[in-house]
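Worksheet for the structure shown next.
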Amino acid sequence: VQLQASGGGLVQSGGSLRLSCTVSGGSFSVYAMGWYRQSPGKERELVAVITSGYKLTYGDSVKGRFTISRDNTRNMANLQMNSLKPEDTAVYYCNAKGPSAAWGNYWGQGTQVTVSS
Numbered sequence: 344v345q346l347q348a349s350g351g352g353l354v355q356s357g358g359s360l361r362l363s364c365t366v367s368g369g370s371f372s373v374y375a376m377g378w379y380r381q382s383p384g385k386e387r388e389l390v391a392v393i394t395s396g397y398k399l400t401y402g403d404s405v406k407g408r409f410t411i412s413r414d415n416t417r418n419m420a421n422l423q424m425n426s427l428k429p430e431d432t433a434v435y436y437c438n439a440k441g442p443s444a445a446w447g448n449y450w451g452q453g454t455q456v457t458v459s460s
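Going by the numbering used here, the sequence shown opens with residue 344, and the numbers climb by one from there.
Structure, rendered in structure tokens:
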């Protein structure tokens, strides 16, 4: 299973970005898809997760601003990020977690998001 993240970049505070994660080589629909982020000196933190059953979970710092979605026909998960803040600056990682250990837990390569003040 391979994950390819895209859509990062530089944006001003208050702006928007949309991240996409395309999955290949696996049964996309069974995976919970998530976005995590990590900034220098900090641990990787949960941004958002959407399960195979479309249950949503968001990190407290992004609730009301970010929206995660999935398109099982395109093997893609998206993260719409609105009202971006400088503290959202981080490397964002896409994750695919299977329903059991046998299905595996996979990470994309990360995409940089930089929000200027």
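A virtual CB, placed ideally from N, CA and C, is assigned to each residue, including glycine.
With a cutoff of 8 Å on beta-carbon distance, THR432 and VAL456 are scored as near each other. Collapsing the DSSP output to three states places GLU430 in a helix. The C-alpha of ASN421 is placed about 18 Å away from the C-alpha of VAL344. Taking every protein chain shown into account, the CB of LEU353 has fewer than 16 other CB atoms within 10 angstroms, so this residue is exposed. By the 16-neighbour rule on beta-carbons within 10 angstroms, GLY407 is exposed.
Here SER395 carries a coil assignment [DSSP, helix/strand/coil].
Classified as buried, ALA375 has 16 or more neighbouring CB atoms from the shown chains inside 10 Å of its CB. Linking VAL373 to LYS385 through their CA atoms gives a straight-line distance of about 30 Å. Between the alpha carbons of GLY441 and ASN448 lies a distance of about 6 Å.
Each residue's CA atom was taken as its position, placing SER363 and GLY350 some 6 Å apart. In this structure, DSSP gives SER460 a state outside helix and strand, which the three-state scheme calls coil.
Out of GLY451, GLN452, MET424, the CA that lies nearest to the CA of VAL458 is found in MET424.
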